[in-house]
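Numbering (the numbering used here), first residue to last: 1083 to 1211.
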Amino acid sequence: MAALNTSVLRGFLWLCLFWLAGDLATGIGQLPLSPGVVGLMLMTGFLLARGRMHADIAAAAQPLIMLLAMLIMPGVVGVFWVFDQLAGYWLAVGLALTLGTLLSVASTLWLMQRLLPQDTPPAPFRKTP
1083 MAALNTSVLR
1093 GFLWLCLFWL
1103 AGDLATGIGQ
1113 LPLSPGVVGL
1123 MLMTGFLLAR
1133 GRMHADIAAA
1143 AQPLIMLLAM
1153 LIMPGVVGVF
1163 WVFDQLAGYW
1173 LAVGLALTLG
1183 TLLSVASTLW
1193 LMQRLLPQDT
1203 PPAPFRKTP
């Protein structure tokens, strides 16, 4: 149990370091992007260069995935406060949401195919009586 907690703490340290690297990159480069997004892009590049998932990052990310809906909720609720400002741009917002969703699904699929091990054969299909 102690090894798991240590792994999770090291994973959170990795996530914080990539977030801080994103903050530094946006500050120095005057990028109009969120430091968290830049940090995630840096972490993706690191994992692609490494060729596999870092066990500590995976241990820290797993609890965050379970809380993802709660992490997204404030932004979703905030849209209702500015809905009248977005009313004239419904087509652009709809296209951005649709394209953003399709691109995120496609990039997630590509990353999963690239980073997950390919040597594991699929389990045989079994019919249950």
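From the three backbone atoms N, C-alpha and C, an ideal C-beta is built for every residue, glycine too. Every value quoted in this text rests on a predicted model; they were computed, and no experiment measured them.
Going straight from the alpha carbon of Asn1087 to that of Ala1141, what length do you get?
-> Straight-line Cα distance between these residues: approximately 9 Å.
Suppose you measure from the CA of Val1187 to the CA of Thr1126; what does that come to, to the nearest Å? Each residue's alpha carbon lies about 15 Å from the other.
Practice problem: Note down the Cα distance separating Leu1168 from Ala1107, rounded to an integer number of angstroms. | Solution: Taking the straight line joining both Cα atoms gives about 30 Å.
**Beta-carbon spacing of Pro1117, Gly1104 below 7 Å** = A contact, by the Cβ cut-off of 7 Å.
**Item:** Helix, strand or coil at Met1135 [DSSP, three-state]
**Value:** Looking at Met1135 - three-state DSSP - the assignment turns out to be coil, as it is neither helix nor strand.
Taking 7 Å as the threshold (C-beta atoms), are Gly1093 and Asp1138 in contact?
Yes. Within cutoff.
**Message:** Taking CB distances under 7 Å as the criterion, tell me whether Leu1198 reaches chain C.
**Reply:** Within the model displayed, chain C is absent; a lone protein chain is all it includes.
Buried/exposed call for Trp1163, threshold 16 Cβ in 10 Å:
Taking a 10 Å sphere around the C-beta of Trp1163, we find fewer than 16 other C-beta atoms and assign the residue as exposed.
- prompt: With a Cβ-Cβ cutoff of 7 Å, do Met1135 and Leu1197 count as a contact?
  reply: A Cβ-Cβ contact shorter than 7 Å links Met1135 with Leu1197.
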